[in-house]
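As numbered in this note's numbering, residues 7 to 215 make up the sequence shown, in order.
Okay, so here's the structure we're looking at.
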Amino acid sequence: MTAPHELAETSFCRIKVFITSRPDTAVHFARRPILGSYREFILHEVSKDIIDHDIGVFLDYELSNIRENWNAEHDATLDADWPGAERLQTLIQKATPLFIFAATACRFVQDSLLGSPETQLMRIIEHQSVNGGTTINDKLEETYLPVLEGLLIKRSKSEQAVILARFGEIVGTTILLERPLSAEALVLVFLSQGWFEPWVTKRSKSIYI
């Protein structure tokens, strides 16, 4: 990780670099030669107002793209100001401080296999965790449970059983390994069953594998 050091010594132009990382040893040693040339922010010490603002900018941008793409392809269009300031603020409150909530919510809303953006958005907004979203576990529940429940919508009991079995095979295999398999390796594992790639491809906007 020598690039920051080399850039700091450059005199013919000024370049700013944004790096995000855990406080790993490699990062610690890499920044030693450039002491005084960088600003450091520890995420859990950043004020809530700044996190709210950043998540709001991200959600506003992503949802605007979803609205434009949907309106370009469907007769039943979304309003020009969709999703509206009030619901955008509700999403921000649900997401903070987890950017992964915002990113997952946008993929879920965009997934037309599960419903229109309006329908998907309301599923997220109306979902309530057991403790009202007051803990990190509640935040994770609000992030992923609507996505998982969406897989079973409008499915017969037999179809639900197949979906749950396949979900268990793919996700179970991924999370139980010390080093999760790549998508390519998972294809090899499930290749003989002939369903892995189509199943994952159709759900790639809701579940990132």
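We put the CB at the ideal spot given by N, CA and C, even for glycine.
Close-in-space but distant-in-sequence residues of the same chain around residue i (CB under 6 angstroms, 5 per side omitted)
i	result
Pro123	Ile72, Trp76 and Val115
Gln166	Leu158
Top-ranked residue by Cα proximity to residue i, from the options
i	options	result
Asp66	Glu79, Ala91, Asp85 and Thr31	Ala91
Ile98	Ile131, Glu79 and Leu119	Ile131
Asp30	His133, Asp85 and Ile48	Ile48
Thr96	Gly121, Leu84, Ala78 and His59	His59
Contact check, residue i vs residue j, beta carbons under 8 angstroms
i	j	result
Pro152	Leu127	no
Ala57	Thr102	In the sequence on display, residue 57 carries Ile and not Ala. Yes, these two residues count as a Cβ contact at 8 angstroms.
Lys145	Leu104	yes
Phe107	Glu148	yes
Gly156	Arg113	no
Buried or exposed by the 16-neighbour rule on C-beta atoms within 10 Å, applied to residue i
i	result
Asp117	buried
Ile159	exposed
Lys100	buried
Gly174	exposed
Cys19	exposed
Ile21	exposed
Contacting residues, own chain, Cβ-Cβ under 8 angstroms from residue i (five flanking each side not counted)
i	result
Leu94	Gly62, Leu65, Asp66 and Leu69
Cβ-based neighbour list, residue i, same chain, cut-off 7 angstroms, excluding 5 preceding and 5 following
i	result
Tyr44	Arg37
Lys163	none
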